[in-house]
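For any residue, its number in this note's numbering is found by taking its place in the sequence shown, counting from 1, and adding 8.
Quick reminder that beta carbons are idealized off the backbone N, C-alpha and C, glycines included.
Since the model is a prediction, treat every value here as computed from it, not as a measurement.
Have a look at the structure below before the remarks.
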Amino acid sequence: MRTANKERALAILSPLAVVALWQFASNMGWTNQRYVPSPLAIAQAGWDLALSGRLAIDIGASLRRLAIGFVLGAVPGILLGMIMGLNRWVRAAIDPLIAALYPIPKIAILPLLMLAFGLGDASKVAAVAMSVLFLTVINTTTGVVQLDRIYFEVARNYGTPWYKLFTRVILPGALPVIFAGLRISLGVSLVVLVGAEFVASDAGIGYLIWASWQTLVVENMFVGIIVITVLGVLSTLFLHEVERLLVPWRRD
């Protein structure tokens with residue numbers, strides 16, 4: 009327990025030490041304030057954005073797009089991955105398509121999505137959904153395929169109904185790998201979303217970063233970057249807690 013407490017303390021103190029060193033370097037004039045403002049200046053800019061309501065609007069817009077796109081990509085991805093993992097013929101037919109489409113940077117097809125869905129939220133949600141879909145399909149398929157065949161043989165010998173086999177063997181066995189894919193997908197989707205919000209957007213964290221760069225308000229740009237970092241950490245922690253509830257046997 010003492011070791012765990014020390015690890016938690018180190019995890020908290022190390023970022024604080026970096027911030028303190030950054031502030032010290034700024035106070036000593038070792039950094040160019042025009043390009044790398046001090047933590048205090050960034051905090052003040054963030055406070056001003058929060059008081060004006062601009063920050064809440066941008067965070068709300070990004071979270072809405074992220075949540076909708078993540079669900080639209082994850083749910084079909086898990087279902088398709090399950091089917092591919094259980095049926096070798098479906099896997100043989102779809103695997104080449106996944107291999108061909110997955111490496112394409114999803115931000116690169118944003119112009120096509122904008123043509124198809126317009127300049128509003130739909131195109132950005134579609135970009136997020138596509139970035140989540142492929143990673144979820146790949147990880148879900150892997151999670152099902154790697155299950156030990158002995159479980160299926162035992163279930164078959166005991167005449168276990170298909171729905172019980174799925175709910176008690178297949179899905180629980182694949183869940184750890186599925187959640188690993190969801191966590192990776194979440195990070196990728198944040199990157200794609202910010203890139204998509206650079207283009208034809210009037211709200212969102214990506215818009216905040218891009219607009220701040222265009223107007224050379226560097227403090228606000230750093231606020232956007234920090235907010236994205238915080239959102240990524242909180243979202244990952246949320247998925248981790250959901251995994252702890254659904255996969256209790258993997259708790260540390």
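Residue range of the unbroken alpha helix (DSSP H) whose run includes residue i
i	result
Ala130	Asp129 to Val153
Lys172	Trp170 to Leu173
Gly93	Arg62 to Leu94
Ala124	Leu118 to Phe125
Counted within 10 angstroms of its Cβ, other Cβ atoms place residue i as buried (16 or more) or exposed
i	result
Ile20	exposed
Asn35	exposed
Tyr166	exposed
Pro169	exposed
Val238	exposed
Ile67	buried
Val162	exposed
Leu118	buried
Pro45	buried
Gly37	exposed
Three-state secondary structure assigned by DSSP to residue i
i	result
Ala17	helix
Asn165	helix
Ser46	coil
Tyr110	coil
Gln271	What is shown of the chain runs 9 to 260, which leaves residue 271 out entirely.
Val255	coil
Met9	Low confidence applies to Met9: its pLDDT is 48, below 50, so where it sits in the model is not reliable enough to give any reading.
Leu105	helix
Asn35	helix
Ala28	helix
Contacts around residue i, its chain only, beta-carbon distance under 7 Å, and the 5 residues preceding and following it disregarded
i	result
Ile233	Ile217
Met9	Per-residue confidence for Met9 stands at a pLDDT of 48, beneath the threshold of 50, marking its modelled position as unreliable; the derived number appears in the next sentence. Correct list: empty, nothing qualifies.
Ala137	Gly77, Leu80 and Gly81
Thr244	Arg191 and Leu194
Leu253	none
Tyr215	Asp66, Glu205 and Ser209
Close beta carbons around residue i, own chain, < 6 Å, minus the five adjacent residues each side
i	result
Ser131	Leu121, Met122 and Phe125
Gly93	Thr149, Val152 and Val153
Ala208	Leu127
Pro47	Val27, Trp30 and Gln31
Arg99	Met92
Same chain only: Cβ atoms within 8 Å of residue i, ignoring 5 sequence neighbours per side
i	result
Phe142	Gly85, Ile106, Leu109 and Tyr110
Ala33	Thr39
Contact test: residue i Cβ vs the ligand PLP heavy atom, cutoff 6 Å
i	result
Val238	With respect to the ligand PLP, the structure shown offers nothing to examine, as it has no ligands at all.
Complete runs of the alpha helix (DSSP H) confined to the segment 179 to 248 [at least 4 residues]: 179 to 205 and 213 to 222
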